Amino acid sequence: MKRILPLFICLLLFWACAAEKPVIKDKGVAPDNNNILPDREPSPEDLLLKALTILSPPEQAGQFEESRAALGRLIQLYPDSRWRGPAESLLLLLDRQQACQKKAEADLDTYNRVLSQKTRCEDSENQCRLDLTRILQENEQLKKDLQNLKNLEIELEQRNRRIR
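5 is the number of the first residue of the sequence shown in the numbering used here; add one for each residue after it.
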C-alpha cells in the first residue's frame, strides 16, 4: 500500500497537468478513445493521457501492458518532449509495482508453505504428546504389575517357609 500511494499521487499529478479532452458539440458522434485525433499522430500529451486513463480505474489492475505500450510509444515518437521524463518515471513505477506484486505473491506462497509446515509440526507434536501419555501410563501399569509380582513372590516365599 505504501508503494502504491506514491504511484497514485504521481498519476493524479500527471493527470492534472495533461491537456483536457476537446469538447464535442455534436452529440451524435462518440469520440474514439484510442485515437483522439485520427488525422494525425497522437501528441505526447495524448499518449500520456491515454496511458493514465488506462491506469486510472483501480478495479482493472491487469492493463499495465497497454499503458506501458502507450508510454513506450510516447518515448519513441517524441524523444525531446517535455513528457518524456514523466513517462519514463511512470514506466519505472510500473516496473517497480509489478516487481512488488510478484514479490508479494512469492511471499504469500512462502507464508502458506510455512503455515502448512507449522500445522504439520503441531500435528506431529500432538501425536508425540499422545504417545508420551500412553507410554507413561503403560510405564505406571508395569510398575504396579512389578510391585504386585514382588508382593506375590514374597507371599509365596512366606507360605513355603510355613510349610517346612
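Cβ coordinates follow ideal geometry from the N, Cα and C atoms, glycine included. Every value quoted in this text rests on a predicted model; they were computed, and no experiment measured them.
{"query": "Taking the Cβ atom as the reference point for each residue, do residue 14 and residue 93 lie within a distance shorter than 8 Å?", "result": "yes"}
{"query": "Ignore the nearest five residues each way along the sequence and tell me which others in residue 167's own chain have a CB closer than 8 Å to its CB.", "result": "none"}
{"query": "Mind reading off the beta-carbon distance from residue 75 to residue 55? Whole number of angstroms is fine, and I expect it under 8 Å.", "result": "5 Å"}
{"query": "Go to residue 99, then tell me how far its alpha helix (DSSP H) extends in each direction, as first and last residue.", "result": "88 to 167"}
{"query": "Would you please state the rounded distance, in angstroms, between the beta carbons of residue 49 and residue 81? I believe it to be under 8 Å.", "result": "About 12 Å separates the two Cβ atoms, so there is no contact after all."}
{"query": "From this set, 51, 120, 59 and 108, which residue's C-alpha is nearest residue 83's C-alpha?", "result": "51"}
{"query": "What residue range is occupied by the uninterrupted alpha helix (DSSP H) comprising residue 48?", "result": "48 to 59"}
{"query": "How should residue 160 be labelled, buried or exposed, when 16 other C-beta atoms within 10 angstroms of its C-beta is the threshold for buried?", "result": "exposed"}
{"query": "Any idea if residue 71 is buried or exposed, counting beta-carbon neighbours within 10 angstroms, 16 or more meaning buried?", "result": "buried"}
{"query": "Apply the 10 Å Cβ neighbour rule to residue 96 and answer buried if 16 or more other Cβ atoms are within range, or exposed otherwise.", "result": "exposed"}
{"query": "Please report the distance separating the alpha-carbon of residue 124 from that of residue 133.", "result": "14 Å"}
{"query": "In angstroms, rounded to a whole number, what distance separates the CA positions of residue 79 and residue 99?", "result": "16 Å"}
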